[in-house]
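Student: Taken in order, the sequence shown gives residues 480 to 627; the numbers are from this note's numbering. Here a beta-carbon is modelled for each residue, glycine too, at the ideal position from N, C-alpha and C. First the structure, then my questions, so here it is.
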Amino acid sequence: MKIALGSDHAGYELKQQIKKILDELKLDYKDFGTEDENSCDYSDYAINVSEAVGKKEYDRGILVCGTGIGMSIAANKVSGVRAALVENLYSAKMTREHNDSNVLCLGGRVIGPVIAEEIVKLWLGTDFIGGKHNRRIGKIMDYENLNR
Ligand code: RB5
């Protein structure tokens, strides 16, 4: 599994922690920036990571900003992306099983490092269950394709 990672300044610290988790899991990833805690625009990183996932250059994306909200708004504008803002373990599991989310958005100023680690591991390790959820996602993707 290849993962595209990105953050703004407010998500930088948590992104660094996530890189350690991905190293431990021996997962392949690329950090699309930002490189430090200087103020920057989350939208730039959301779009770059999401484009890479939408074009299937990467299997999944993980985006971190202060709340995760700006990242999720921007990521969901990109074709082929189903981004989920997740703050708890139940949502981490459900958004993989039901939504087949391919981008995880986290709020570095909202959740602590321990819950973040558990969310990342659960989200990466949970499979889409398909069935009726294929139909539901299909309607979203059809709408997206019609309005491109
Ligand atoms: C940056 O101050 C903050 O607005 C950003 O990280 C994010 O929370 C936006 O949604």
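For the ligand RB5, list every residue whose C-beta falls under 6 Å from any of its heavy atoms, going in chain order.
Tutor: Cβ atoms closer than 6 Å to the ligand RB5 belong to Asp487, Ala489, Tyr521, Cys544, Gly545, Thr546, Ile548 and Gly549.
Student: Along the chain, which unbroken stretches of the beta strand (DSSP E) at least 3 residues long are found entirely within the region 572-603?
Tutor: Counting whole runs of 3 or more residues, the region 572-603 contains the beta strand (DSSP E) stretches 582-586.
Student: Rounded to a whole number of angstroms, what is the C-alpha to C-alpha distance between glycine 485 and alanine 531?
Tutor: In the sequence shown, counting from the first residue as 1, residue 485 sits at position 6. In the sequence shown, counting from the first residue as 1, residue 531 sits at position 52. Rounded to the nearest angstrom, the two C-alpha atoms are 11 Å apart.
Student: Can you look up isoleucine 608 in the DSSP assignment and give me helix, strand or coil?
Tutor: Working through the sequence shown from its first residue, we reach residue 608 at position 129. The answer is coil: DSSP assigns isoleucine 608 none of H, G, I, E or B.
Student: Tell me whether leucine 504 sits in a helix, a strand or coil according to DSSP, three-state version.
Tutor: As a position in the sequence shown, residue 504 is number 25, starting the count at 1. DSSP places leucine 504 in coil when its eight states are reduced to three.
Student: Just to confirm the assignment, what range does the beta strand (DSSP E) spanning serine 486 have?
Tutor: Start at 1 with the first residue of the sequence shown, and residue 486 comes out as number 7. Where serine 486 is concerned, the enclosing beta strand (DSSP E) stretches over 481-486.
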